[in-house]
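Here is the structure we will look at, set down as structure tokens.
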Amino acid sequence: MSRQTLDPLTRATVTIAWVIIANKPFYPLYVWWLVGQGVGISALTLVSIPFFLAIPLAAGRSPFFARLALPLIGTLDTVFETAIFGKASATLLFLAPCMALVMVSFHAAEKWWQRGLACFIFICFATSWWAIRDPVFPWNSDQLATLLSINAFAVASLMAFIALRYAGLKADTSI
């Protein structure tokens, strides 16, 4: 199978994936620097890097896979991190960029995939909201407040980058 020229939506998806890959290794360092404890447990967030790396590597062969995989992997990573850090850390906010990617990453002919993925993200949110309570690591209230600040800022930054990267792009309605 040969590599395809990437359409604008897939190129944007790949850019977002690379930004996530480049930033992910710094998260345990933020926790160490700003929270002071839990570096070991926060290193578990690095487990998802190979999955995010698969997105740009596979995009040339399957642009649809890349556009589907980014919000899907992001959602699963968010649920995993919420189990680690607990609901009070605000990691569930990362579902907002996942949903934003669902809104902007698909062509018109892929609307049922888009709808299905939007429902999946919502189900993951609702399930996590009601099922996940306490974090794996015993963070105190000050540490959780710091984690909330880190995560809220990271989510806002990622949302802004998604908006900037996808600005002016339109899905090809003929696909």
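Using our numbering, read the sequence shown as starting at 1 and increasing by one per residue.
The beta-carbon is built from N, C-alpha and C at its ideal position, and this holds for glycine as well.
- Following the DSSP letters along the chain, one finds ASP77 inside the alpha helix (DSSP H) bounded by residues 63-85.
- Closest in alpha carbon position to PRO138, among TYR30, ILE41, ALA163 and ALA17, is ILE41.
- Taking a contact to require three or more Cβ pairs closer than 8 angstroms, the region 49-66 and the region 153-171 do not qualify as touching.
- For TRP130, the uninterrupted alpha helix (DSSP H) segment begins and ends at 111-131.
- Counting only residues of its own chain and dropping the five nearest sequence neighbours on each side, LEU158 has a CB closer than 7 angstroms to the CB of PRO97.
- Relative to the Cα of VAL136, the nearest Cα in the group PHE51, PHE85 and ARG115 belongs to PHE85.
- The beta carbon of VAL104 sits closer than 8 angstroms to those of LEU9, ALA12, ILE162, TYR166 and LEU169, all from its chain and outside the five residues before and after it, given in chain order.
- With a cutoff of 8 angstroms on beta-carbon distance, VAL102 and LEU92 are scored as not near each other.
- In chain order, SER89, THR91, LEU92, SER128 and ILE132 place their CB closer than 8 angstroms to the CB of THR82, counting only its own chain and leaving out the 5 sequence neighbours on each side.
- The C-beta separation of THR75 from CYS124 comes to about 5 angstroms, placing the pair in contact by the 8 angstroms criterion.
- Under the DSSP assignment, TRP18 falls in the alpha helix (DSSP H) whose first and last residues are 8-23.
- Annotation for VAL47: no alpha helix (DSSP H) segment contains it, and DSSP assigns it neither H nor E.
- Counting the other CB atoms within 10 Å of its CB gives GLY36 a total below 16, which places it among the exposed residues.
- Pairing ALA108 with GLY38, the inter-Cα distance amounts to about 44 angstroms.
- Between ARG67 and CYS119, the alpha-carbon positions lie close to 16 angstroms from each other.
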